[in-house]
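Undergrad: Quick one: the structure is below, and I'll ask about it shortly.
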DNA sequence: TTTTGAGTTGTTCGA
DNA sequence: GTCGAACAACTCAAA
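Residue numbers (the working numbering): 55 to 518.
Written as structure tokens, this is what we have:
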């Protein structure tokens with residue numbers, strides 16, 4: 055502990071516990087200022103609910119700091135200018151961050167580092183948003199595995215880098231600008247298990263405890279959207295109100311379900327490491343031959359998909375859940391994404407962009423990795439002849455139709471059997487359920503058999 | 001260097 | 001309704 059001061063620039067690591075940048079700064083310096091910059095470049099691209107979520111988490115971070123006698127210093131503007139300006143004004147020795155993997159953040163942080171260096175101030179980066187830092191999980195040949203399973207085995211045997219623990223430090227209580235606000239309320243997902251009304255890391259911990267408590271049945275229930283059997287921790291991981299290491303530790307390995315859930319955290323690391331190593335994945339298919347896929351510029355179909363009006367109930371339920379809550383169950387994400395890419399033959403990047411805009415848990419590396427996986431263009435991707443059938447997926451994973459009834463209420467009067475393909479239902483049952491196809495609910499916008507053949511031959515043509 | 005084996009999440013068809 | 005096979009090779013990791 056030296057008699058020096060430091061700045062911790064928070065970005066997507068909005069917590070004090072198990073936060074290596076924060077811990078490193080507070081164990082090294084006698085005075086620490088916590089800074090958040092509202093980057094208008096980013097904030098303007100986020101949906102209103104995601105901004106509300108961010109601002110709620112900032113308020114919670116500020117409150118947490120206040121309990122230690124500090125405050126969160128807020129600035130609005132371009133971090134390339136503001137970080138160095140604040141660091142200089144506060145006369146700090148170093149600025150601490152948790153690094154991020156996106157091309158945007160890598161470029162931004164390099165510019166900040168240069169600006170700081172001109173003033174003789176050091177930028178010290180940690181990796182607090184992933185379990186292992188990029189570059190540490192290696193195959194025997196020393197490379198980043200292009201196949202998930204070998205990556206996972208390497209991920210499991212990689213030792214956790216030691217993260218520092220904090221010390222006694224005096225915290226700055228300068229607040230700068232007032233905490234940002236929006237007209238939107240902190241988004242509540244009333245399905246979520248655990249206390250979702252509590253923002254910030256204390257809320258995240260409660261949600262983690264709830265997820266861990268039902269993780270034993272994760273393997274069986276994770277695919278059932280009606281009962282929300284997933285962990286629902288993605289939003290906290292995205293904002294960093296939850297440390298992925300804390301999540302892995304609390305969930306543990308005491309049952310197959312718990313191990314399966316921890317395994318998902320290694321998928322998260324894998325996609326983060328891949329994007330960090332290959333930033334072009336944001337735009338380009340990982341397998342170059344797919345650059346010439348004959349995508350269709352189907353604006354009408356895309357709009358119907360976004361609105362949840364495709365005429366396929368399971369798909370529409372998912373897209374409406376997304377629109378109304380900013381969150382969608384994982385199984386349904388795969389089915390809706392597959393429908394856009396394979397049945398409508400719309401470029402995966404268009405769907406990726408939409409998801410990135412509206413998802414509360416939107417994380418560029420995860421979103422891109424998963425969309426490339428669905429499109430068959432990505433690492434270890436779904437085989438091209440694997441085309442999800444939205445009717446069969448609905449029958450298998452929402453057999454009673456509770457999920458569809460919830461999000462597509464105009465079909466709620468149909469029997470479980472009829473619910474998944476209303477176009478094959480007799481006029482009597484449709485009438486008694488109050489359904490008029492093409493009026494109260496759309497007829498299917500695309501034929502499944504035709505579109506399946508179409509996408510298979512498109513993939514075939516690209517492979518030759 | 002060469003060889004071998006494995007690879008998140010499916011669907012369809014025919015018996 | 002249920003089961004197994006075929007789909008179409010291909011890339012990558014590891015021995």
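Glycine included, every Cβ here is placed at the ideal spot set by N, Cα and C.
Please check the pair residue 78 and residue 59, which I expect to be a contact at CB under 8 Å, by giving their CB distance rounded to whole angstroms.
TA: Rounded, the Cβ-Cβ distance is 14 Å, inconsistent with contact.
Undergrad: Return the chain-ordered list of same chain residues with a C-beta closer than 6 Å to the C-beta of residue 304, the five sequence neighbours on each side being excluded.
TA: Excluding positions up to five away in sequence, the list reads 262, 266.
Undergrad: What would DSSP say about residue 63, mapped onto helix, strand or coil?
TA: Reduced to three states, the DSSP call for residue 63 is strand.
Undergrad: Exposed or buried, what is residue 214 when buried is set at 16 or more other beta-carbons lying within 10 Å of its beta-carbon?
TA: Exposed, by the Cβ-count rule.
Undergrad: What separation, rounded to the nearest whole angstrom, lies between the Cα atoms of residue 207 and residue 319?
TA: If you take the alpha carbons of residue 207 and residue 319, they lie about 13 Å apart.
Undergrad: Based on Cα-Cα distance, which residue from 154, 232, 513 lies nearest to residue 437?
TA: Taking only the C-alpha atoms, the option nearest residue 437 is 513.
Undergrad: Of all the options 264, 420, 416, 368, which has the alpha carbon lying nearest to the alpha carbon of residue 449?
TA: Of the candidates 264, 420, 416, 368, the one whose C-alpha sits nearest the C-alpha of residue 449 is 368.
Undergrad: Mapping DSSP to helix, strand and coil, what is residue 99?
TA: DSSP places residue 99 in coil when its eight states are reduced to three.
Undergrad: Is residue 187 helix, strand or coil by DSSP?
TA: Of the three classes helix, strand and coil, the one that applies to residue 187 here is coil, per DSSP.
Undergrad: Helix, strand or coil: how does DSSP classify residue 86 here?
TA: Of the three classes helix, strand and coil, the one that applies to residue 86 here is strand, per DSSP.
Undergrad: What are the boundary residues of the beta strand (DSSP E) that includes residue 148?
TA: Segment 148 to 152, the beta strand (DSSP E) holding residue 148.
Undergrad: Buried or exposed: residue 45, going by 16 or more other Cβ atoms within 10 Å of its Cβ?
TA: Nothing can be reported for residue 45: it is not among the residues displayed for the chain, which extend from 55 to 518.
Undergrad: Would the stretch 495 to 511 and the stretch 397 to 405 be scored as touching if the rule is three or more Cβ pairs under 8 Å?
TA: The stretch 495 to 511 vs the stretch 397 to 405: in contact.
Undergrad: Should residue 520 be labelled buried (16 or more other beta-carbon atoms within 10 Å of its own) or exposed?
TA: In the structure as shown, the chain begins at 55 and stops at 518. Residue 520 is therefore absent and cannot be evaluated.
Undergrad: Between which two residues does the alpha helix (DSSP H) holding residue 177 run?
TA: It is not in any alpha helix (DSSP H) - residue 177 instead sits in the beta strand (DSSP E) that spans 176 to 180.
Undergrad: What would DSSP say about residue 230, mapped onto helix, strand or coil?
TA: It is a strand residue.
Undergrad: Looking at the secondary structure, which residues open and close the beta strand (DSSP E) in which residue 69 lies?
TA: From DSSP, residue 69 is part of no beta strand (DSSP E); its letter is neither H nor E.
Undergrad: Can you tell me which of the three DSSP states residue 122 falls into?
TA: Reduced to three states, the DSSP call for residue 122 is coil.
Undergrad: Report the rounded CA-to-CA distance for residue 291 versus residue 472, giving the unit in angstroms.
TA: Rounded to the nearest angstrom, the two C-alpha atoms are 38 Å apart.
Undergrad: Is the separation between the beta-carbon of residue 155 and that of residue 188 shorter than 8 Å?
TA: Yes, they are a contact pair.
Undergrad: Just verifying my parser: in three-state terms, what is the DSSP assignment at residue 285?
TA: Correct three-state label for residue 285: coil.
Undergrad: Check whether the Cβ atoms of residue 254 and residue 80 lie closer than 8 Å to each other.
TA: No; because the gap between Cβ atoms is not below 8 Å, this pair is not in contact.
Undergrad: What does residue 276 pair with, by DSSP beta-bridge criteria?
TA: None; residue 276 has no bridge partner.
Undergrad: Is the CB-CB distance between residue 310 and residue 285 below 8 Å?
TA: Not a contact, by the Cβ cut-off of 8 Å.
Undergrad: Bridge partners of residue 129, per DSSP?
TA: DSSP lists 91 as partners of residue 129.
Undergrad: Taking the Cβ atom as the reference point for each residue, do residue 413 and residue 380 lie within a distance shorter than 8 Å?
TA: Contact flag set, yes.
Undergrad: Quick check: the Cα distance between residue 137 and residue 365, rounded to an integer number of angstroms?
TA: Their backbone Cα atoms lie some 50 Å apart in a straight line.
Undergrad: Residue 439: which of 353, 387, 510, 393 sits nearest, CA to CA?
TA: The shortest C-alpha separation from residue 439 is found at 510.
Undergrad: May I ask you to report which of helix, strand or coil DSSP gives residue 491?
TA: Strand, per DSSP.
Undergrad: Quick one: give me the first and last residue of the alpha helix (DSSP H) that residue 315 is part of.
TA: Here the alpha helix (DSSP H) through residue 315 covers 310 to 331.
Undergrad: On the criterion of 16 or more Cβ atoms from any shown chain inside 10 Å, does residue 478 qualify as buried, or is it exposed?
TA: Under this definition residue 478 is an exposed residue.
Undergrad: Mark residue 493 as exposed unless 16 or more other C-beta atoms lie within 10 angstroms of its C-beta, in which case mark it buried.
TA: Counting Cβ neighbours within 10 Å, residue 493 comes out exposed, since fewer than 16 surround it.
Undergrad: What ranges does the alpha helix (DSSP H) occupy inside the stretch 333 to 372, keeping only unbroken runs of at least 4 residues that lie completely in it?
TA: Runs of the alpha helix (DSSP H) inside the stretch 333 to 372: 353 to 361.
Undergrad: Does the ligand HEM have even one heavy atom less than 7 Å from the beta-carbon of residue 65?
TA: This structure lacks the ligand HEM, and indeed carries no ligand of any kind.
Undergrad: Residue 225 by DSSP, collapsed to three states: which one?
TA: The answer is strand: DSSP assigns residue 225 an E or B state.
Undergrad: For residue 343, count the other beta carbons within 10 Å of its own beta carbon; 16 or more makes it buried, fewer makes it exposed. Which is it?
TA: When all chains shown are included, residue 343 counts as exposed.
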